[in-house]
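Visitor: Sequence positions in the sequence shown follow our numbering and run 10 to 67.
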Amino acid sequence: MSVKLAIQTILNFFALDLIFNPVVGSILPISGLGVLLSFVYWGLLLISSHQLAVFLKK
Numbered sequence: 010m011s012v013k014l015a016i017q018t019i020l021n022f023f024a025l026d027l028i029f030n031p032v033v034g035s036i037l038p039i040s041g042l043g044v045l046l047s048f049v050y051w052g053l054l055l056i057s058s059h060q061l062a063v064f065l066k067k
C-alpha cells in the first residue's frame, strides 16, 4: 500500500465516521451486543474507506 493510498484511507475513514457515527450511535445500545456490532461497524467502515480510496485513486 502506498503512502498516498494509506493517507487517503485514513481521511476517508474519519469522514465516513463523522457522517455515520451519530446514526449508528443512536441505533446500537451500550451492551454486549452493541459492542460486538460496533466492531462490525468499524470493520465495515474501514473496508469501505479503503475501497473509496482505491476508487478515488483511479
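All C-beta atoms, glycine included, are put in the ideal place defined by N, C-alpha and C.
Locate the alpha helix (DSSP H) running through S11, then write down its first and last residues.
Guide: Counting along the chain, S11 falls outside any alpha helix (DSSP H), and DSSP gives it neither H nor E.
Visitor: Under the three-state reduction of DSSP, which class applies to K66: helix, strand or coil?
Guide: Correct three-state label for K66: helix.
Visitor: Nearest to L54 by CA position, among S35, L20, K66, is which residue?
Guide: If we check each option's Cα against that of L54, L20 comes out closest.
Visitor: Rounded to the nearest angstrom, what separates L25 and S58 at their Cα positions?
Guide: C-alpha separation (whole angstroms): 7 Å.
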